[in-house]
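Below you'll find the structure, written out as structure tokens, and then a few comments.
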Amino acid sequence: MQLSKQLLTGLVTAGAVFFVGAHSASAALSPNSSQPRTDMVDLSSWQSNLGASDYQKMHDAGVKAVAIKATEGTSYKSPVLSSQTQNAQNAGLSVNYYHFAHFTSIDSAKAEAQNFINAVQSVTSSKSMVMVVDFESSELSGLSKSQNDADLAAFDSVLNAAGYNKTDLYTMASWVGSKIDTNDSNKGWIAQWPSNPTGTEYPSANAWQWASDYRFNGESQNLDVSQLNNDFYVNGDANTAAHTSSSSSTPKTTLVKVPAPAPTSTSSSTSNYSASRSNSVKLVWRGSMHRHAYWTLSGARYSKHLGIKYAEMKNLPHTTWYTDGHEKLYRKASNNSAIYYHVRSGNGKHAGWIWRGYLHAGVNPNA
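Numbered according to mature numbering (1 follows the signal peptide of the UniProt record, and there is no 0), the sequence shown spans residues -27 to -1, 1 to 340.
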């Protein structure tokens, strides 16, 4: 992450050197087959020059997710938070957020958490993304591990109380176990940048950031890239209120941005998240579609990768649902595919993906 390049220059971590040069390093890592995957890129205002085409290039190169810097301390909010969120969504990338921490007490941790929440809520009502603490600021190194652990717990407690249940800890490898602990709630996004990165590191963590100077083909900007060890970061749906679409498109093999579920009390909870359900399917294509009316009392609404179950359709028996997107998912266990429609209630308050076989054409006769 960007500020770390100033704070950690020359730092030697367990078994490898952290290459933490300036933002515009003279040498950059170029893609090759021996490197770890570039599943996730983290972004801040340093990358404000990236446009929509750059995000699409990242997606086409295999990037699945981004982590966007939202805040720092108790008052800073990234001026490009909204535009970066929108560009990432439009490219079909899962969106997550991080906060650069300076807290040195329980009270300051809670205050910083509230700043983080306020900023994220200004761009999305979703709560299914990962909310990360970027734990690397120099003042934190002078505190005891027990104090840092307690402060992080306080920070997360504020997030959890606000409905954000997917949290993680970003920090350098040398600080894990000495300055801060990972745990079941924060399995870790571990930074270690070897000179010749290969293979997999820290398999029990959610992610390994293996370079800060990676340059995708056709790009002139060095980026931080990470390899994901699971799907924790790829099931988020940080939907911006400003994004709407009513156009139609022919299904393609590339991802097309489709409006995500409107804010509702059922769609903002991760209590119904299932990694096994998400892993049981693979996206074939996704696109927008014409508006058609349907009704049903069967099935349930899900997030686009089926990882999160929003609500049973029977709970809204008098609702007419309108389509705005569709996707084809390959079901690994049964070796076949199914079409899911993205539907939205007439009042716009409820939305999600549902297998089209549950839907009946026409206006709900019970409405």
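Virtual Cβ for every residue (Gly too), placed ideally from N, Cα, C.
With which residues is residue 54 paired in a DSSP beta bridge?
-> DSSP output for residue 54 lists no bridge partner at all.
Do the region 185 to 204 and the region 12 to 19 touch if we need at least three Cβ pairs shorter than 8 angstroms?
-> Yes, they touch.
Taking contact to mean at least 3 C-beta pairs separated by less than 8 angstroms, is the region 298 to 305 in contact with the region 249 to 258?
-> In the pairwise beta carbon analysis, the region 298 to 305 is classified as touching the region 249 to 258: at least three pairs are separated by under 8 angstroms.
Spatial neighbours of residue 333 within its chain, please: CB distance less than 8 angstroms, with the 5 preceding and 5 following residues excluded, ordered by chain position.
-> Excluding positions up to five away in sequence, the list reads 267, 268, 269.
Give me the Cα-Cα distance between residue 98 and residue 21, rounded to the nearest whole angstrom.
-> Computed Cα separation, rounded: 23 angstroms.
Quick one: complete beta strand (DSSP E) runs, 3+ long, within the region 306 to 334?
-> Runs of the beta strand (DSSP E) inside the region 306 to 334: 309 to 318, 324 to 328.
Report, in whole angstroms, the separation of the C-beta atoms of residue 152 and residue 113, which I expect to be a contact under 8 angstroms.
-> Between residue 113 and residue 152 the Cβ distance is about 7 angstroms, and since that is below 8 angstroms, they are a contact.
In angstroms, rounded to a whole number, what distance separates the CA positions of residue 182 and residue 165?
-> Counting only the Cα atoms, residue 165 lies some 6 angstroms from residue 182.
DSSP three-state assignment for residue 19, whether helix, strand or coil | DSSP places residue 19 in helix when its eight states are reduced to three.
Residue 275, DSSP secondary structure in three states | The DSSP-derived three-state label of residue 275 is strand.
Indicate the three-state DSSP secondary structure (helix, strand or coil) for residue 148 in the structure shown.
-> The three-state secondary structure of residue 148, taken from DSSP, is helix.
What does a CB cutoff of less than 8 angstroms around residue 289 pick up in its chain, not counting 5 residues either side in sequence?
-> Cβ neighbours of residue 289 within its own chain (closer than 8 angstroms, five residues either side excluded): 318, 323.
What is the rounded straight-line gap between the Cα of residue 186 and the Cα of residue 281?
-> Just so you know, the alpha carbons of residue 186 and residue 281 end up roughly 34 angstroms apart.
Are residue 105 and residue 141 touching if we call contact CB-CB under 8 angstroms?
-> Yes, Cβ-Cβ distance for residue 105 and residue 141 is below 8 angstroms.
Rounded C-beta distance between residue 409 and residue 291? I'm assuming under 8 angstroms.
-> One cannot answer for residue 409 here, as it falls past the ends of the chain, which runs -27 to 340.
From 56, 90, 316, residue whose alpha carbon lies closest to that of residue 272 | The option with the nearest alpha carbon to residue 272 is 316.
In DSSP terms, what residue 259 is bridged to | Bridge partners of residue 259: 300.
How should residue 170 be labelled, buried or exposed, when 16 other C-beta atoms within 10 angstroms of its C-beta is the threshold for buried?
-> It is buried - the Cβ of residue 170 has at least 16 other Cβ atoms within 10 Å.
Can you list the beta strand (DSSP E) stretches of 3 or more residues lying completely in the region 100 to 150, in chain order?
-> The region 100 to 150 contains these whole beta strand (DSSP E) runs: 104 to 107, 140 to 145.
Note the first and the last residue of the continuous alpha helix (DSSP H) segment covering residue 30.
-> Boundaries of the alpha helix (DSSP H) around residue 30: 25 to 33.
Spell out the partners DSSP gives residue 69 in its beta bridges.
-> 40, per the DSSP bridge assignment.
For the beta strand (DSSP E) holding residue 285, just list the boundary residues, first then last.
-> In this chain, the beta strand (DSSP E) harbouring residue 285 covers 282 to 285.
If you draw a straight line from the alpha carbon of residue 135 to that of residue 129, how long is it in whole angstroms?
-> Distance between the alpha carbons of residue 135 and residue 129: 10 angstroms.
Ordered along the chain, which non-local residues of its own chain (more than five positions away) have a Cβ less than 7 angstroms from that of residue 311?
-> Same-chain partners within the cutoff: 302, 304, 328.
Candidates 157, 80, 70, of which the one nearest residue 90 by Cα | Per the C-alpha coordinates, the member of 157, 80, 70 positioned closest to residue 90 is 70.
Where does the unbroken alpha helix (DSSP H) through residue 79 begin, and where does it stop?
-> Annotation: the continuous alpha helix (DSSP H) that includes residue 79 extends over 79 to 94.
Within the same chain, show all residues whose beta-carbon is closer than 7 angstroms to that of residue 84, passing over the 5 residues directly before and after it, in chain order.
-> Taking C-beta separations shorter than 7 angstroms and ignoring five residues to either side along the sequence, the partners of residue 84 in its chain run 47, following chain order.
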